[in-house]
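Order-wise, the sequence lines are chains A and B.
Numbers in our numbering are just positions in the first sequence, counted from 1, shifted up by 20.
Numbers in our numbering are just positions in the second sequence, counted from 1, shifted up by 690.
Working notes, structure below.
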Amino acid sequence: MNLLVLSLGFFLAVALLFYVIFGGADFGAGIVEIFLPKKASAKNIVTKAMAPVWEANHVWLILAVVILFMGFPSVYLAVTLYLHLPVLFVLIGIVARGCAFTFRYYDVLAEHPAIYSRLFNFSSVWTAFFLGTIVGACTYGQIDPAATGYYDLYLRSWLNPFCASVGLFTICLFSFIASVFLCGEAKERSDKDIFLKLAKITNAAMILSGSVVFISAKVLGHSFGKEFFSKSLCLVSFLAATLLEGPFWKSLKNEKILETRIFGVAMISFVLFGWFGLQYPVLLQYADGMSVTFQEAAAPESVLKVLLGSLVCGVAIIFPALFYLMKIFKAQTFEEK
Amino acid sequence: MENLLAARLQMALSLGFHIIFASIGIAMPFLMATSYAFFLKRRDPDYKILTHAWSKGVAIFFAIGAVSGTALSFELGLLWPGFMKYAGPIIGMPFSWEGTAFFLEAIALGIFLYGWGKIPERIHWLSGLAVGISGVASAYFVICANAWMNSPAGFEWNHGQPLNIDPWAAMFNDASTIQGIHMIAAAFQAVGFAVAGVHAALFLRTRYAIHFKGLKIALFIGAVAAIVQPLIGHFAAQSVAERQPMKLAAMESLFKTQKSAPFVLGGIPSKTDEKLDFAIEIPGLLSWLAFGDTEAEVKGLDQIPRENWPPVAVTHFSFQIMILLGSLLAGVGLFAILAIWMRMALLESKFFLIVLCLCIPLGFIALEAGWIVTETGRQPWIIYGILKTKDALTPRPGIGVTFFIYCFLYLFLTFIAGVLLYRQTQLLHFELKGKKA
């Protein structure tokens, strides 16, 4: 793979990683809200934490989509054709979620504010699930362009236990990262305790649902586990994520907010690196062992060069602005008790 | 419903819906920044309240605009993979720039909406302005993509394959700048008059000074945009005459190529009889407007085979609606600027306030009509002269279903947004009444 394609692959990976960390935290906040006690203060923490940053958090998805349709167009086309149903579900979820959250915040005289909350919570779970489904389908390798019939073309590749297990894992992953961030948002003792407990529970859920992904692959006769543990990047990532559990739980116990966030983000980053390592150099896995690599899907060089230049400039502009946003609203990260 | 029609309608609905909220995102920040600047300078608390009230509206509409925009980035591929196959690599760059600009906008909006009291006043004001500037930039970039569809550039088309792709030439094509300016002016015009009209209605009902202050800001901005817009539109039409003569022919219902072509007002075109009935025709004016010479030849629809004709009636009616409403708003705008400058009492009169109320939807109707002109006028092409719309369609079935889902969803959201705005206004009046007492 030449350096240009590799660089763009790197940016795509970064966009996806940041979407999982920041967008995932957003989705997760909507999910864990379901499990908060009816006490208003705990629910308000979610709203207050999300309000200034949620729109910015989701732009990473658009960035990933643009990198795909400009830099690796055949993959964008394959996903929007063969996986058009889970993509449609994700879109409905994104629209419903963003609106429900905003409406809840700004409907000042609502008689039934609970309706907004239910829609917000449900669409958070829904969207996270189908995002995971799409990822699962790209890895699982049942997308078959040569198939005939609606079921084989548009349903079989994602409507299976493996993809569902990845969807479930994604729900747990997002809930985990959200809980980790929300620990630092709580001010009162009782609220802090709620989120610390949630962080532990969602961590366990993540490990459990992650195992289910491997188990379901085994049961379905897919070589997912074998492939995963035969690749060095996957092994290293797996080990690193596992080893970080120890320090993570310790920092949770000692309520060190900054450390908890660092370890939490590091752990899910390694989960994602494991997925990247499994896929590389393939972007999309088709049926019958066919696949398309980064190199094969890449647009002409003149296009890639311009895309890379735009991304580098974009990052140079965005990161300072993003840092400033976080500095204003998330400064408590750096306040140690 | 037949797939191609459903796809066209879904795209039209998604774009038509999104652009209303995007326009608000483009223009409202400048209204807010103006009101906020007045507060910082004059320390009149009404302007602070106004800024707060407007920012709540912006937050609501921005969220809907953002999510509907996300949906569009996928819908391009979901509905028109034959188009994205080529357009993705060739015209992807403005989309990536738009993404960056939107990212900045979202960040700046977060800072502005939730940063009250958290950062110094001037920085806070700058963040509000930054929302507007990134919004305008974002609009320009994404319009470059649409301009490319009308004026393809930056590649050599070789038997269905694009060669020697030059993304810079593609982005900065012959239509980019004029389309960009025309749209940006349209956003300010539509939003300015809509906001002014809403405040006019509220002022009529409550007579709170804050509504009159808000009205003046919005009206001034809308009026300036409305006054320059016909001139910008003229240059846009000249560009179309040059590059897409069949679009112009459809706009004017010009069936026969002719010298000294007339500019028409109104009229009902008949495709079968190939004539335009009941129109007011100004001889030679179209030739003069398009080419600067009343004797110049303007190409008619007879230049191309019938199956390649764009929809004449839809394009023609939309064009007539756009220029009628545009002229009306320019007229009202001209009077408004005069009245504001000369502090005429007529500005506060019931008559003028009702005129403003009636103007509320007109800018947006003109905006949508203009988009219908440019999109249907380009048919049957999705990339002008290169790729036909029907050849870009996705092979999958069931688009009728997704069309109805989006219809229902977007209608529902518009309704809720309206309810929310109404409740915010009720709350504002409640607070103002409390202050008065």
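Beta carbons are placed, not taken as given, at the ideal position from N, Cα and C, and that holds for glycine.
- Between Leu-905 of chain B and Phe-893 of chain B, the C-beta spacing is below 8 angstroms.
- Taking the C-beta atoms as reference points, Phe-293 of chain A is found no nearer than 8 angstroms to Pro-301 of chain A.
- By the criterion of a C-beta distance shorter than 7 angstroms, Leu-151 of chain A is surrounded in its chain by Val-110, Thr-190, once the five residues flanking it on both sides are discounted.
- Residue range 965-972 is occupied by the beta strand (DSSP E) that includes Ala-969 of chain B.
- Boundaries of the beta strand (DSSP E) around Leu-955 of chain B: 953-960.
- Segment contact: the stretch 860-873 of chain B against the stretch 835-851 of chain B, three or more CB-CB distances shorter than 8 angstroms; contact assigned.
- Using a Cβ-Cβ cut-off of 8 angstroms, Val-332 of chain A does not count as an interface residue toward chain B, since no Cβ of chain B sits closer than that to its own.
- A direct Cα-Cα distance of roughly 15 angstroms separates Glu-765 of chain B from Ala-835 of chain B.
- DSSP, read as helix, strand or coil, puts Glu-131 of chain A in coil.
- Distances from the CA of Ser-977 of chain B to each of B:Leu-1024, B:Gln-928, B:Ala-837 were compared; the closest alpha carbon is that of B:Gln-928.
- Contact between Thr-962 of chain B and Glu-987 of chain B does not hold, since the beta-carbon distance rounds to 25 angstroms and is not under 8 angstroms.
- Here Val-1022 of chain B has Val-1045, Cys-1049 as same chain residues with Cβ atoms under 7 angstroms from its own Cβ, once five neighbours each way along the sequence are excluded.
- Distances from the CA of Ala-727 of chain B to each of B:Val-954, B:Trp-1071, B:Glu-811 were compared; the closest alpha carbon is that of B:Glu-811.
- Along the stretch 118-138 of chain A, the positions whose C-beta sits under 7 angstroms from a C-beta of chain B are Gly-118, Cys-119, Thr-122, Phe-123, Tyr-126, Asp-127, Val-128, Leu-129, read in chain order.
- Annotated as proximal: Ala-225 of chain A and Ser-195 of chain A, with beta-carbon spacing under 8 angstroms.
- Looking at the DSSP output, Pro-852 of chain B sits in a beta bridge with B:Trp-847.
- For Phe-981 of chain B, the closest alpha carbon among the candidates B:Ile-970, B:Glu-997, B:Lys-949, B:Ile-972 is that of B:Lys-949.
- Annotated as proximal: Phe-55 of chain A and Leu-218 of chain A, with beta-carbon spacing under 8 angstroms.
- The DSSP-derived three-state label of Tyr-898 of chain B is coil.
- Per DSSP, the unbroken alpha helix (DSSP H) holding Ser-210 of chain A starts and ends at 209-239.
- Counting only Cβ-Cβ distances below 8 angstroms, Ala-761 of chain B has contacts in chain A at Leu-111, Ile-114, Val-115, in chain order.
- In this structure, Phe-140 of chain A sits away from Ala-166 of chain A, with a CB-CB distance that is not shorter than 8 angstroms.
- In this structure, Leu-202 of chain A lies away from Val-332 of chain A, with their beta-carbon atoms at least 8 angstroms apart.
- Fewer than three pairs of CB atoms, one per stretch, sit closer than 8 angstroms, so the stretch 884-891 of chain B makes no contact with the stretch 810-825 of chain B.
- If you ignore the 5 residues before and after Val-99 of chain A, its C-beta comes within less than 8 angstroms of the C-beta of Leu-88, Val-107, Ile-154, Cys-158, Leu-304, all in its own chain and listed in chain order.
- Burial state of Gly-297 of chain A is buried, judged by a 10 Å Cβ sphere holding 16 or more other Cβ atoms.
- If you check the CB distance, Tyr-126 of chain A and Ile-750 of chain B come in under 8 angstroms.
- At a cut-off of 8 angstroms between beta-carbon atoms, Thr-168 of chain A makes no contact with chain B.
- The C-beta separation of Ile-288 of chain A from Ile-41 of chain A comes to about 7 angstroms, placing the pair in contact by the 8 angstroms criterion.
- Around the beta carbon of Val-954 of chain B, a 10 Å sphere encloses 16 or more other beta carbons of the protein chains shown; the residue is thus reported as buried.
- Listed as beta-bridge partners of Val-988 of chain B by DSSP are B:Gln-948.
- One alpha carbon belongs to Phe-1093 of chain B, the other to Val-326 of chain A, and they sit about 35 angstroms apart.
- Contact check for Arg-117 of chain A against Ser-144 of chain A passes: the beta carbons are separated by less than 8 angstroms.
- Nearest in C-alpha terms to Ile-780 of chain B, of all of B:Gly-1090, B:Gly-747, B:Ile-1073, is B:Ile-1073.
- Boundaries around Gln-305 of chain A are those of the beta strand (DSSP E), 302-305, since no alpha helix (DSSP H) includes it.
- DSSP places Ser-841 of chain B in the coil class of the three-state scheme, outside both helix and strand.
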